[in-house]
Amino acid sequence: MKPLLKKVFLFISFTMLVIGIINYILDKSINEPHNFKISESKNIIMLGHSQAACAYDDSIIDNFENCASTMEGYFYTFYKLKKILEANPQITTVFVECTNNQFMKFAENRIWGEYMPSLLPKYFPIIDVKGVLFLAKKSPMNVLKAYSVSQKIKVNYFIYNKDENYLKKHNIVGYIKRIGHLKKEKVDSIIAQNRKISNKSKSGSYLIENVNYLKEIVKLCNDKKVTIYFIRSPMPSYSKFSNDSLFHDILDKQFSKVPFVDLKDYPLELTDFNDNMHLNYTGANKVSFFMNELLKTKSLGNDTLQKWIDYKINKLDTVSD
Amino acid sequence: MLFNSIHFAIFLPIVFIAYWLLNEKKLKWQNLLLLLSSYFFYSCWDYRFLFLLLFSTLLDFYSGLKIHQSDNARSRKFWFWLSIIINIGLLGVLKYYNFFVVSFAESLSLLGFEANIQTLNIILPIGISFYTFHGLSYIIDVYKKRISAEENFIDYAVFVSFFPLLVAGPIERATHLLPQIKAKRFFSYNNAVSGLRQILWGLFKKIVIADGCAEYANIVFNNSSEYSGSSHVLAAVFFTFQIYGDFSGYSDIALGTARLFGIELLRNFNYPYFSRDIAEFWRRWHISLSSWFKDYLYIPLGGSNGSIWLKIRNTFIIFLVSGFWHGANWTFIVWGLLNALYIMPSIIFSSNRNNMDIVARGKLLPSFKEFVAINITFVLTVFAWIFFRAKDISSAFNYVSEIFSETLFTLPHNIPYDIIFLILIFMLIEWINREEKFSLHNFGLLWPKYVRLSFYVLLCLCIYLYSGKEEKFIYFQF
Numbered sequence: 031m032k033p034l035l036k037k038v039f040l041f042i043s044f045t046m047l048v049i050g051i052i053n054y055i056l057d058k059s060i061n062e063p064h065n066f067k068i069s070e071s072k073n074i075i076m077l078g079h080s081q082a083a084c085a086y087d088d089s090i091i092d093n094f095e096n097c098a099s100t101m102e103g104y105f106y107t108f109y110k111l112k113k114i115l116e117a118n119p120q121i122t123t124v125f126v127e128c129t130n131n132q133f134m135k136f137a138e139n140r141i142w143g144e145y146m147p148s149l150l151p152k153y154f155p156i157i158d159v160k161g162v163l164f165l166a167k168k169s170p171m172n173v174l175k176a177y178s179v180s181q182k183i184k185v186n187y188f189i190y191n192k193d194e195n196y197l198k199k200h201n202i203v204g205y206i207k208r209i210g211h212l213k214k215e216k217v218d219s220i221i222a223q224n225r226k227i228s229n230k231s232k233s234g235s236y237l238i239e240n241v242n243y244l245k246e247i248v249k250l251c252n253d254k255k256v257t258i259y260f261i262r263s264p265m266p267s268y269s270k271f272s273n274d275s276l277f278h279d280i281l282d283k284q285f286s287k288v289p290f291v292d293l294k295d296y297p298l299e300l301t302d303f304n305d306n307m308h309l310n311y312t313g314a315n316k317v318s319f320f321m322n323e324l325l326k327t328k329s330l331g332n333d334t335l336q337k338w339i340d341y342k343i344n345k346l347d348t349v350s351d
Numbered sequence: 239m240l241f242n243s244i245h246f247a248i249f250l251p252i253v254f255i256a257y258w259l260l261n262e263k264k265l266k267w268q269n270l271l272l273l274l275s276s277y278f279f280y281s282c283w284d285y286r287f288l289f290l291l292l293f294s295t296l297l298d299f300y301s302g303l304k305i306h307q308s309d310n311a312r313s314r315k316f317w318f319w320l321s322i323i324i325n326i327g328l329l330g331v332l333k334y335y336n337f338f339v340v341s342f343a344e345s346l347s348l349l350g351f352e353a354n355i356q357t358l359n360i361i362l363p364i365g366i367s368f369y370t371f372h373g374l375s376y377i378i379d380v381y382k383k384r385i386s387a388e389e390n391f392i393d394y395a396v397f398v399s400f401f402p403l404l405v406a407g408p409i410e411r412a413t414h415l416l417p418q419i420k421a422k423r424f425f426s427y428n429n430a431v432s433g434l435r436q437i438l439w440g441l442f443k444k445i446v447i448a449d450g451c452a453e454y455a456n457i458v459f460n461n462s463s464e465y466s467g468s469s470h471v472l473a474a475v476f477f478t479f480q481i482y483g484d485f486s487g488y489s490d491i492a493l494g495t496a497r498l499f500g501i502e503l504l505r506n507f508n509y510p511y512f513s514r515d516i517a518e519f520w521r522r523w524h525i526s527l528s529s530w531f532k533d534y535l536y537i538p539l540g541g542s543n544g545s546i547w548l549k550i551r552n553t554f555i556i557f558l559v560s561g562f563w564h565g566a567n568w569t570f571i572v573w574g575l576l577n578a579l580y581i582m583p584s585i586i587f588s589s590n591r592n593n594m595d596i597v598a599r600g601k602l603l604p605s606f607k608e609f610v611a612i613n614i615t616f617v618l619t620v621f622a623w624i625f626f627r628a629k630d631i632s633s634a635f636n637y638v639s640e641i642f643s644e645t646l647f648t649l650p651h652n653i654p655y656d657i658i659f660l661i662l663i664f665m666l667i668e669w670i671n672r673e674e675k676f677s678l679h680n681f682g683l684l685w686p687k688y689v690r691l692s693f694y695v696l697l698c699l700c701i702y703l704y705s706g707k708e709e710k711f712i713y714f715q716f
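Chain order of the listed sequences is F and B. In terms of our numbering, the first sequence opens at residue 31 and continues consecutively. In terms of our numbering, the second sequence opens at residue 239 and continues consecutively.
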């Protein structure tokens, strides 16, 4: 039996070595900066999850690229931003979607929980060893599975799409045009549903890991001398989060130096929403024109930024009344 | 614990090493280890069903002893029928109860009556159809005095629950497996290497071919109305390779694993897609089930002796039961009936035993006639698989009608060229080795060592690249 075990061991070791070499070549090739290049004219980017992806139509906003992606936790955003900034030195401003649900405990689904099997394989090639170990501590089996799924993604990209932007090719950046409408009769059930979700986070606890990776994002932007803003996208008027005070507390205490652009109360009709969280294309149109104006005023970075936004929103509110 | 999982990759070497270390000791310790590891393997799905397996094993073991020990015909009959009724009863309730109740209610509603039906919310214990059939064949063989009853419970329990075959076969016979369990086994390097080669080929079939095909087939079968007629054809062909890769891949892993432990299991597949007619296909597809039905159902019914009508009746019965064995759904019954219809001409004209040997033995290529016959048989099989795969009968008919739409002659959507290429390579290797027990049995043994090694590494690379989904084996649901 010993000769058999010895040969099997040697065969497995050799095969793993070959796999390691192939992986190294694939990773090296995918991580080339040109695979993350966006248009030279775009110097402002938006990051975040589906709320941001649905809210900002980058064909309307000048010099702006929507790099948000559905289900994305800050862990993945951090690694994506790292690659984008490395490849695009023209970027001067980064907006990061910062909504109440990113700090709730269930946001772990967006990192190592429920959504991990569909998220991780696409992000795997851009995550470093530290990141992989972080995930492996949380969900080792899913990391292993995602790793092998990512191999096929890597090979396919290497063979068929080498000249395409890796993030665009795998749909992990870009504006998402939603065409549905939130119906009034559904609102009541949505409010009840919201309450249920909110109740889960009433304990005052929050997802530390997501907050930590948001800090990493801020640090990365500071290191690269890129201006960072947090932004909260518009929500339906009935939306209430039980963790709102905790949310502001975290922003005030842990991110006091990062300006917060709050568009939560931007006046929109229910028909401008696809569902209780996401804007549809009509809502996205309105918000994108507003965002374009906001960026043109050059008032970003000004201490009175939020006052200006509130003034504009109030003005819009009066007009719509 | 799936054969294509990391858990199994850890489990197997541990059991293998422990097993052969025990070789120095007594055989009974080796068998005890096999039994415990088989029960552990099974309990990884759901430990509660272990009690059902244990109950079924105890029942058949005890009934077998009683039948064997008794000289009284009535007593023998009592224990025989007790075992048969309980085994089939359990299978019937757990697998078919809801189907019968719902079908009955639907028939009543067609007649204008409303029935208040009560279905059971039960999970089907994995492998129940397989281990029940093990037990049934044992009881029938003991009752018919083909074998003596087994007196050692551990040996008998290993026969029923040996982990490579526990959840999806091959369906073993006591006459074949029990003597191997009772005999002292010796480690053979060549056998172990052959077992590893068969496992490698099984993993390739399952992970690369079956799971690779499943992706496209699932998309089209699950969203049938969104795809063109040509996509439907391609998805049906892909499912044909998926089910073959899946089930024969499983069987290869099972046979290879058993060989590592010095045990030879019954062969389950013999290159079925190279068959020249449906009768030949059924001699080459799921052989252990086909031969089970032949021995325990078809022959007792009279087999092919008697009038032509008797033959036709028996053929329909066996295909109907075979279809129903696969699951409680009308789709399987229609699939069985379709196959019965396909085989009918050869039954009527007594040509069902025309093609007993593998096609073009000793030749590189088949004759034109053989080539056409293989392709016709393949097309018929693809058509029948549509019913097997569809979630219900109406979906199956919709699927067929969508094939014959105006988009039949357009290019299919998003053709996965890599999978088509891999299928071609796979079938080429199968064709070259069609006279062997399994494709890698002797393939490449005469090549230079490093070329052979590179080939195995290439297979491993393919497996690695296509793994990650850990798709369940289709036959686990049966």
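Using N, Cα and C, we set each Cβ at its ideal position, and we do this for glycine too. Remember, predicted model here, so these are calculated numbers, not experimental data.
Check, Outcome
"Can you give me the C-alpha to C-alpha distance between I189 of chain F and H651 of chain B, rounded to a whole angstrom?", "20 Å"
"Closer than 8 Å, CB to CB, is V559 of chain B near chain F or not?", "no"
"Please confirm whether Q181 of chain F has its beta-carbon closer than 8 Å to some beta-carbon of chain B.", "yes"
"Return no unless some Cβ of chain F is closer than 8 Å to the Cβ of W258 of chain B.", "yes"
"With DSSP as the reference, please indicate the residues paired to E95 of chain F in a beta bridge.", "F:I75"
"Quick check on the burial criterion: 16 or more other C-beta atoms within 10 angstroms. Buried or exposed for Q307 of chain B?", "exposed"
"Contact check, A83 of chain F vs T100 of chain F under 8 Å by CB: the rounded distance?", "6 Å"
"Buried or exposed for H64 of chain F, please, with buried defined as at least 16 other CB atoms from any protein chain shown within 10 angstroms of its CB.", "exposed"
"For the alpha helix (DSSP H) holding R521 of chain B, just list the boundary residues, first then last.", "516-522"
"Taking C-beta to C-beta, are L300 of chain F and L212 of chain F nearer than 8 Å?", "yes"
"Check the Cβ-Cβ distances between V431 of chain B and every residue of chain F, and say whether any is below 8 Å.", "yes"
"Run through chain F and tell me which residues come within less than 9 Å of F425 of chain B, C-beta to C-beta.", "M31, L34"
"Just list the residues that DSSP pairs I261 of chain F with in beta bridges.", "F:E127, F:V291"
"Alpha carbons only, please: which of B:H564, B:L493, B:L548 is nearest the one belonging to S528 of chain B?", "B:H564"
"Under the DSSP definition of a beta bridge, which residues are partnered with F303 of chain F?", "F:L309"
"Could you give the C-beta distance for F125 of chain F and Y243 of chain F, rounded to a whole number, given that I count them as a contact under 8 Å?", "That pair is no contact at about 16 Å."
"How about L150 of chain F and A176 of chain F: do their beta carbons lie closer than 8 Å?", "yes"
"Count the other C-beta atoms from every protein chain shown that fall within 10 angstroms of the C-beta of H79 of chain F, then say buried if there are 16 or more, exposed otherwise.", "buried"
"List, in chain order, every chain B residue whose beta-carbon is nearer than 7 Å to that of F154 of chain F.", "Near F154 of chain F there are no residues of chain B at all, since even the closest Cβ is about 11 Å away, more than 7 Å."
"In whole angstroms, give me the CA-to-CA distance for Y54 of chain F and F512 of chain B.", "41 Å"
"For a minimum of 4 consecutive residues, which ranges assigned as the alpha helix (DSSP H) are wholly contained in the region 352-427 of chain B?", "366-381, 391-399, 401-404, 412-420"
"Using the beta-carbon count (16 or more within 10 Å), is Q436 of chain B buried or exposed?", "buried"
"Only counting the same chain, and skipping five residues up and downstream in sequence, which positions put a Cβ closer than 8 Å to that of L558 of chain B?", "I571, G574, L575, A578"
"Along the chain, where does the alpha helix (DSSP H) that runs through P583 of chain B open and close?", "568-586"
"Start and end of the alpha helix (DSSP H) containing W685 of chain B?", "Per DSSP, W685 of chain B belongs to no alpha helix (DSSP H) and is neither H nor E."
"Tell me, please, whether the CB atom of L271 of chain B is closer than 8 Å to any CB atom in chain F?", "no"
"Which whole-angstrom value describes the C-beta separation of R672 of chain B and I596 of chain B, a residue pair presumed to lie in contact below a C-beta threshold of 8 Å?", "5 Å"
"Can you name the residues of chain B whose CB is closer than 9 Å to the CB of F44 of chain F?", "L691, V695"
"Could you compute how far the alpha carbon of N310 of chain F sits from the alpha carbon of S169 of chain F?", "34 Å"
"Are there 16 or more other CB atoms within 10 angstroms of the CB of D351 of chain F, so buried, or fewer, so exposed?", "Residue confidence for D351 of chain F is low, a pLDDT of 47 falling below 50, so the modelled location carries little weight and cannot support an answer."
"So, with DSSP's three-state summary, where would you put P33 of chain F?", "helix"
"Does V248 of chain F come within less than 8 Å of chain B when only Cβ atoms are used?", "no"
"Give me, in chain order, the residues of the same chain whose beta-carbon lies closer than 7 Å to that of K382 of chain B; leave out the 5 immediate sequence neighbours on both sides.", "none"
"In chain B, which residues lie with their C-beta within 7 Å of the C-beta of V185 of chain F?", "L703"
"In angstroms with no decimal places, state the Cα-to-Cα distance between G600 of chain B and L697 of chain B.", "27 Å"
"Between V48 of chain F and chain B, is any beta-carbon pair separated by less than 8 Å?", "yes"
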